[in-house]
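**Q**
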Amino acid sequence: MINKLRTAEEAVAEIQNGASVMVGGFLGTGTPEILIDALVKKGVKHLTVIANDGGLPANPEKENSRARGVGKLLEAGMVDHIIASHVGMNPLVGKGMNEGTLECTLIPQGTLAERIRAAGAGLGGVLTPTGVGTLVAEGKDTLNVDGKDYLLEKPLKADFALVRASECDSFGNFRCSLATKNFNPLIATAADKVILASERIREVGEKEPDTYTTAGIYVDYIVGGEQPWQI
Amino acid sequence: MANLKERIARRVAKELKDGDVVNLGIGLPTKVADYIPEDIHVILHSENGFTGLVDQAEAGKENVDVINSGGVYVNHAPDANFFDTATSFGIVRGGHVDVTVLGAMEVDEHGNLANWIVPGKMVAGMGGAMDLVVGAKKVIIAMLHTQKGRHKILEECTLPYTAKGVVTKIITEMGTMEVVAEGLMLTEVHPDYTVEDVQQATGCSLIISSEL
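For the record, the sequence lines run as chains F and D.
Numbering-wise (our numbering), the first sequence opens with residue -5 and increments by one.
Numbering-wise (our numbering), the second sequence opens with residue 43 and increments by one.
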């Protein structure tokens, strides 16, 4: 069996300037912080980040507060373009847009999920009623199916996906606890190189296959030592 | 103001039926959960990935893996179920959400809704709002009737749409309006106001229900 185990530094080594990177998580919950930290340490620039949101900024009222998730990449000035559904919780996005250093593309949350799923599932796109008759429809084909209008939304892929699991085996089969799932199982299917950070790594066969909900075939590298978030 | 919002939340809660799957937006709509009658079982959907949302978690007792769509640590019910974002919005668009409750910047007599962008101002993003209003069977707008005296209920929205023709009902501190084929019908007026008061605070002409 191929050895997929890497340190966080090794796992992100191939991410170069200008890469597109999908990041799991919803306002930080379910984001692989050790991979983000390793990427910040490596210090690449001009990334296109595809994620639900802009993560969270550091809380200035709290001692030792740090930015969370995608917020760390924004704080380090590593992102040229963010593709997300909601960026209102991180003022760094608005600031970057005002200063002209950051491009932001907003996509309805369900559409973002489906575009990623479509890419991972080999579909040419999805037809969704969401956004019909709104700014979101601009430049897109509207198709009428059985009397109802839908937008054609194309698949969305990336060079890398940074995925967080609660538990995985050494082949990369994984599961995400509770509300940490969000985009993680989806982005794992839609990137050329998939890097998984997990709280626990078990031997293959140690637990029943039903333990894991996403197949290890999607995963290229596995990094241990992801920690539960400390409030 | 807080009392008015509570009044709205309390009135919205009366719309919910036993067994309903309900998605509550951030802010005022979240308060609706406090007024759900105890004799009915309402399943709250949290679009970040589960059904069975209960309430905000007590400080020190948070499960760091469970937040709501506003990023707040919350408790979940024993019958909760957790899923990825594609499934979560499949639930929404697939018609499995009975009621969604959210606020609005503007809503018009055609049931058009604008609540996500003011051109020229900082944009937060639509998040799940566009999917929710298109997918939910019933869309209830819960908001204060006017914005500092400015009309929010109009003949036509002036701001970019979140979605067209999706609103079912508007519930404000002044009363309840239903979107019907002919326009907006006023069906209830709070005792603090007259029908004329409500009409004056509204930017389109209301059809007055024969019940009033």
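Yeah, the Cβ is synthetic: ideal placement off N, Cα and C, and Gly gets one too.
Just reading off the alpha helix (DSSP H) that THR129 (chain D) is part of, what are its end residues?
**A** 127 to 135
**Q** Would you call ILE9 (chain F) buried or exposed, if buried means 16 or more other Cβ atoms sit within 10 Å of its Cβ?
**A** It is buried - the Cβ of ILE9 (chain F) has at least 16 other Cβ atoms within 10 Å.
**Q** In chain order, what residues of the same chain have a beta carbon less than 7 Å from the beta carbon of GLY69 (chain D), not counting five sequence neighbours either side?
**A** These residues qualify, in order along the chain: GLY145.
**Q** So that I know if they touch, is there some Cβ in chain D lying closer than 9 Å to that of GLY119 (chain F)?
**A** Chain D, which has no Cβ nearer than 9 Å to the Cβ of GLY119 (chain F), makes this no.
**Q** Three Cβ pairs or more, each shorter than 8 Å: is that satisfied between the segment 103 to 115 of chain D and the segment 74 to 85 of chain D?
**A** no
**Q** Taking its Cβ as the centre, do 16 or more other Cβ atoms sit within 10 Å of ILE213 (chain D), making it buried, or is it exposed?
**A** buried
**Q** Mind the definition here: the segment 157 to 168 of chain F touches the segment 118 to 133 of chain F only if three or more C-beta pairs lie below 8 Å; say whether that holds.
**A** no
**Q** Strictly below 9 Å CB to CB, what residues from chain F border TYR235 (chain D)?
**A** Taking the beta carbon of TYR235 (chain D) as reference, no residue of chain F falls within 9 Å; the closest one sits roughly 33 Å away.
**Q** Determine the burial state of ARG266 (chain D): buried for a count of at least 16 other Cβ atoms within 10 Å of its Cβ, exposed for fewer.
**A** The requested residue 266 (chain D) is not part of the displayed model; chain D covers only 43 to 254.
**Q** How would you write the range of the alpha helix (DSSP H) that LYS66 (chain F) sits in, first residue to last?
**A** 64 to 69
**Q** May I ask which residues mark the beginning and end of the alpha helix (DSSP H) holding ILE181 (chain F)?
**A** Looking at the DSSP string, the run of the alpha helix (DSSP H) that includes ILE181 (chain F) is 178 to 181.
**Q** Is the separation between the beta-carbon of ALA152 (chain F) and that of LEU29 (chain F) shorter than 9 Å?
**A** no
**Q** Please work out which residues of its chain come closer than 7 Å, Cβ to Cβ, to ASP121 (chain D), disregarding the five sequence neighbours upstream and downstream, and give them in chain order.
**A** GLY94
**Q** Would you call the CB atoms of GLY22 (chain F) and LYS39 (chain F) closer than 9 Å?
**A** no
**Q** Can you give the Cα-Cα distance for GLY37 (chain F) and HIS87 (chain D), rounded to whole angstroms?
**A** 39 Å
**Q** Candidates F:ILE44, F:PRO85 and F:LYS175: which alpha carbon is nearest LEU150 (chain F)'s?
**A** F:ILE44
**Q** Nearest-angstrom Cα distance between VAL165 (chain D) and LEU180 (chain F)?
**A** Distance from the CA of VAL165 (chain D) to the CA of LEU180 (chain F), rounded to the nearest whole angstrom, comes to 26 Å.
**Q** Which same chain residues end up closer than 7 Å to ALA119 (chain D) when comparing Cβ atoms and leaving out the 5 residues on each side of it in sequence?
**A** Around ALA119 (chain D), the same chain offers GLY94 and VAL96 as residues with beta carbons nearer than 7 Å, after the five sequence neighbours per side are excluded.
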